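Residue numbers (mature numbering (1 follows the signal peptide of the UniProt record, and there is no 0)): -19 to -1, 1 to 77. Have a look at the structure below, then the notes.
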């Protein structure tokens, strides 16, 4: 009985670790899609913020993926998006 309990705990822990890595990988994909989408669809995404500053801030967000909740990451993206400086470009909280 004790072996079954230990096996279940180890299995549950392994699934949690794998799920977290999957989430991190999906976040990285989403952040790349975010940047690509802005560059392709926005008329002048680097008018108020330089591409270097934007990339630096995006890299900071990427590096914090494992340490922040989804909500905190979305808030960071909202702050970065606000720095683009136009009222028509925003991130919605409606799906969180």
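Think of the CB as a built atom: it goes at the ideal place given N, C-alpha and C, for glycine as much as any other residue. Source: prediction; values computed, not measured.
In the structure shown, what three-state DSSP assignment does residue 44 receive? helix
Determine, using beta carbons only, whether residue 61 and residue 38 come nearer to each other than 8 Å. Yes, they are a contact pair.
First and last residue of the uninterrupted alpha helix (DSSP H) at residue 67: Element bounds for residue 67: n/a, residue is neither H nor E.
Tell me the rounded alpha-carbon separation between residue 4 and residue 46. 9 Å
Is the beta carbon of residue 65 closer than 8 Å to that of residue 30? yes
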